[in-house]
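All residue numbers for the sequence shown refer to our numbering, where the first residue is 159 and numbers rise by one. One structure below.
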Amino acid sequence: MLERRADGGQRIGRAVGGAVRIAEAEPHHLALGELEIGEELLVDRLVVDRVQRARTVRRDDVLAVEHPGRAHVADVESRHPVELGDREKRDAHASAHGEPVPHPQQQLDDALTGHEGRGEGYLERPTRPLPRPTEDDQTTSHATRPDRDALFLALGEEVFDLLVIGGGITGAGVARDAALRGLRVALVEQHDYASGTSSRSSRLVHGGVRYLEHGELGLVFESSRERRTLQRIAPHLVRPLAFTWPVYEGARVPRWKLGAGLLLYDVLSLFRNRRHERLDARAVHASEPTLRTEALVGGARYWDAATDDIRLTLATVLSAQRAGAVVLNHARVVGLVRRDGRVAGATVANTLDDATTTVHARVVVNATGPWSDDVERMADGQAGAAVRGSKGVHVSVPRARVGNTSAVTLTAPQDGRVMFVLPAGYYTIIGTTDSYDASRPEEVHATSADVTYLLDAANHYFPAAQLTERDVVSAWAGLRPLAAPGATGAPSSASREHSIVESAPGLVRVTGGKLTTFRSMAEEIVDRVERLLGQAPTASRTAQLPLVGGDLRDAQEEVAHAVAATGDEAIARRLVLAYGTAWHGVWSLTQADPALATPVEPGLPYLHAELLHAVTHEQASTLGDLLIRRTPVAFETWDHGRSAARRIAHTVGHWMRWTDVEVDDAVASYDREMTKIFRVADD
């Protein structure tokens with residue numbers, strides 16, 4: 159059985175017979191009480207990696223640990239506990255009577271495919287056996303790919319305390335919090351983690367200075383606190399960013415009002431954030447030389463934080479998994495399970511191969527954002543709309559055209575709405591729009607009017623830029639899932655507060671909220687879940703424990719180490735700021751195969767090693783997973799990564815064991831996804 163440690167981690171319990179034998183020159187025995195999830199163990203110079211993978215094969219009895227190189231499992235136990243001696247007697251009896259004795263690899267295949275000891279209706283079809291390492295297959299020398307089939311099997315093996323539907327930032331936060339409290343948690347995501355709203359944000363973790371205008375002081379206070387918390391638990395992903403706010407004659411927000419608002423902003427952050435500075439016109443110009451100087455009267459500088467919204471979501475998912483949650487992407491809920499008048503789980507389809515299974519849970523949380531109403535109607539076909547979508551559009555352009563040195567806060571000349579011009583490496587992101595949109599979440603897209611609105615605003619304040627649609631590298635849109643009761647009036651003034659309700663017995667729906675407050679929102683949700691489970695809420699520990707890679711003491715020192723290892727500052731910064739202390743594991747792949755140290759796209763700092771790491775450690779299963787959500791190649795290339803997709807398709811296909819037909823299908827699927835995400839079309 160699994161033994162919970164006081165610090166919230168988990169220790170793998172005993173295997174049948176008390177050991178897993180790793181075969182190399184001679185057998186080695188490891189007491190499973192010594193193996194910690196996710197830990198690398200040195201056994202006679204053999205590193206046994208991905209211990210976590212062994213645990214996901216079976217929930218209570220560990221079946222196997224695969225060494226990433228030539229070592230393989232030499233002894234695997236059945237699903238049901240038996241003593242090692244009894245098992246040897248059974249095999250001896252079978253051999254004496256001419257009955258076949260399963261080879262160890264066959265036992266592992268049986269375990270993974272569910273043939274041995276599988277209950278009635280457990281899975282609707284057998285799953286694919288784990289690929290066997292071969293001497294001439296160099297990819298297996300890097301790591302063992304997590305087996306989706308094993309994870310899919312694990313979803314149907316037990317009654318979970320909590321099933322989370324949705325792998326965006328909210329669902330990821332809920333799964334992590336609940337798992338750290340000791341609940342048995344499963345999370346499923348219909349597409350890929352952060353593939354919806356969580357990848358279409360302004361990439362900011364901010365206190366919400368613009369919410370001050372609407373009197374939402376509580377939200378600003380909470381946001382400021384959470385910004386500070388996220389900078390502590392994920393310093394590589396949430397980093398301080400300076401904002402310049404210029405003020406012009408006749409501005410909707412005059413200089414005195416801006417100063418008063420930013421003073422209140424400092425107060426609500428308890429003066430723990432870097433305090434704002436008032437700037438005269440000369441100081442504003444010195445800070446941002448390409449800003450329009452005509453009628454400039456001054457401004458201010460204040461501090462918020464930048465983030466990588468996708469990797470923040472992914473780090474939270476991986477942290478939930480490390481805490482014991484079973485998490486799986488490309489797993490769509492196609493129906494809810496009812497028992498005794500309560501929602502008691504869901505039917506889940508693996509969208510990559512159409513297998514289905516039933517996930518049983520005592521409580522289900524609907525954290526699907528703009529898809530929330532779809533799930534609600536599975537419980538009640540007459541359910542009304544709980545979510546109103548507000549479309550936000552961003553565009554990216556070459557940073558050299560704009561010339562901004564840092565972030566700039568502006569009020570759009572067209573309607574006075576607050577918007578941002580943000581640095582993003584070689585690019586500048588301009589955003590965002592805010593308009594109600596009734597489109598299906600997967601169909602939302604930017605229009606020419608949206609793009610023109612953003613470019614006109616940028617050109618007004620940066621007159622030398624002279625941006626046109628030809629300068630737009632990428633334009634993308636996302637839906638903010640505003641809680642419908644609060645989504646009245648202009649969308650920019652609609653509340654960003656969240657709503658948590660038990661919409662049906664056993665089903666908790668969360669709507670609204672914002673990226674910055676996902677952790678505190680998750681804490682509140684799990685408190686509600688524990689009450690529904692009949693227990694008093696236990697203390698959340700998510701504000702104290704770092705996310706995966708977040709145990710970073712000094713980012714600049716870590717970057718210096720990475721520069722020494724890689725010989726390239728841009729690549730070093732990318733690795734450290736994306737993976738934190740886990741960057742070593744990504745870079746180490748290049749030692750076995752130097753070709754992995756080459757960029758996926760010339761001129762960009764994203765390495766082939768990141769792709770392999772994403773396949774082996776981050777559940778990346780499609781080209782879109784790799785080029786949109788594990789690396790941002792799609793956002794930073796004029797063709798949205800299409801040429802890169804064609805270059806890497808066969809290599810990725812080799813890692814994934816794709817056929818030639820599957821490689822072609824993967825490229826075609828990527829093309830369709832790019833068209834859907836980045837299209838600019840008038841309805």
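The beta carbon of each residue, even a glycine, is placed where N, CA and C say it ideally should be.
Straight-line gap, residue i to residue j (C-alpha atoms, nearest Å)
{"i": "A767", "j": "R361", "result": "24 angstroms"}
{"i": "L710", "j": "E315", "result": "37 angstroms"}
{"i": "E688", "j": "R667", "result": "15 angstroms"}
{"i": "A441", "j": "T700", "result": "40 angstroms"}
{"i": "W634", "j": "D498", "result": "44 angstroms"}
{"i": "T516", "j": "R490", "result": "11 angstroms"}
{"i": "Y423", "j": "V367", "result": "7 angstroms"}
{"i": "V259", "j": "S746", "result": "Since pLDDT at V259 reaches only 42, below the 50 mark, its modelled position is unreliable, and the value read off the structure follows with that caveat. Looking at the two C-alpha atoms, the distance is approximately 39 angstroms."}
{"i": "T610", "j": "R815", "result": "44 angstroms"}
{"i": "T669", "j": "A772", "result": "30 angstroms"}
{"i": "S606", "j": "P571", "result": "18 angstroms"}
{"i": "V758", "j": "A736", "result": "16 angstroms"}
{"i": "S678", "j": "T696", "result": "14 angstroms"}
{"i": "L476", "j": "S356", "result": "16 angstroms"}
{"i": "V411", "j": "T590", "result": "18 angstroms"}
{"i": "R469", "j": "P528", "result": "20 angstroms"}
{"i": "G561", "j": "D466", "result": "22 angstroms"}
{"i": "V721", "j": "L762", "result": "16 angstroms"}
{"i": "A409", "j": "H742", "result": "49 angstroms"}
{"i": "H434", "j": "L341", "result": "42 angstroms"}
{"i": "G636", "j": "T817", "result": "34 angstroms"}
{"i": "R108", "j": "A623", "result": "Residue 108 falls outside the range modelled here, since the chain spans only 159 to 841, and no answer is possible."}
{"i": "P760", "j": "G799", "result": "11 angstroms"}
{"i": "W414", "j": "H618", "result": "23 angstroms"}
{"i": "T551", "j": "W813", "result": "With the sequence shown as reference, residue 551 is identified as Val, and Thr is not the correct amino acid for it. V551 and W813: Cα-Cα distance of roughly 35 angstroms."}
{"i": "A558", "j": "I729", "result": "21 angstroms"}
{"i": "H808", "j": "R546", "result": "42 angstroms"}
{"i": "L313", "j": "L321", "result": "10 angstroms"}
{"i": "R432", "j": "W796", "result": "37 angstroms"}
{"i": "A803", "j": "L395", "result": "26 angstroms"}
{"i": "P752", "j": "V455", "result": "55 angstroms"}
{"i": "L399", "j": "T505", "result": "43 angstroms"}
{"i": "I323", "j": "V485", "result": "10 angstroms"}
{"i": "V492", "j": "A513", "result": "12 angstroms"}
Per-residue burial, residue i [other beta carbons within 10 Å of its own, 16 or more giving buried]
{"i": "G574", "result": "exposed"}
{"i": "P639", "result": "buried"}
{"i": "R520", "result": "buried"}
{"i": "E446", "result": "buried"}
{"i": "K549", "result": "buried"}
{"i": "V110", "result": "What is shown of the chain runs 159 to 841, which leaves residue 110 out entirely."}
{"i": "K834", "result": "exposed"}
{"i": "L266", "result": "Residue placement at L266 is flagged as unreliable, the pLDDT there being 31, under the threshold of 50; the coordinate-derived value follows with that caveat. By the 10 Å Cβ count, L266 comes out buried."}
{"i": "P790", "result": "buried"}
{"i": "G725", "result": "exposed"}
{"i": "E681", "result": "buried"}
{"i": "T756", "result": "exposed"}
{"i": "D350", "result": "buried"}
{"i": "R598", "result": "exposed"}
{"i": "F429", "result": "exposed"}
{"i": "E384", "result": "buried"}
{"i": "R339", "result": "buried"}
{"i": "T774", "result": "buried"}
Candidates the options, of which the one nearest residue i by Cα
{"i": "E600", "options": "A570, E759, D532, L612", "result": "D532"}
{"i": "L703", "options": "A418, T474, H372", "result": "T474"}
{"i": "A344", "options": "I327, D319, T328", "result": "D319"}
{"i": "V706", "options": "F676, R677, G738, E681", "result": "G738"}
{"i": "D335", "options": "R390, A481, V363", "result": "A481"}
{"i": "R500", "options": "D751, V522, A740", "result": "V522"}
{"i": "A713", "options": "S356, L476, P393", "result": "P393"}
{"i": "R386", "options": "S427, A483, G354, S356", "result": "S427"}
{"i": "G417", "options": "G743, W403, L762, F578", "result": "W403"}
{"i": "D305", "options": "A330, A409, L510", "result": "L510"}
{"i": "R436", "options": "R450, W461, R430, L449", "result": "W461"}
{"i": "A478", "options": "V378, A525, G331", "result": "G331"}
{"i": "G457", "options": "E347, L754, V566, R804", "result": "V566"}
{"i": "D629", "options": "D512, D592, I588", "result": "I588"}
Counting only runs that start and end within the stretch 451-475, where is the beta strand (DSSP E) found for 3 or more residues in a row?
454-465
Are at least three pairs of beta-carbons, each pair with one atom in the stretch 773-781 and one in the stretch 807-827, less than 8 angstroms apart?
yes
Completely contained alpha helix (DSSP H) runs for the stretch 598-670, where each covers 4 or more residues:
606-619
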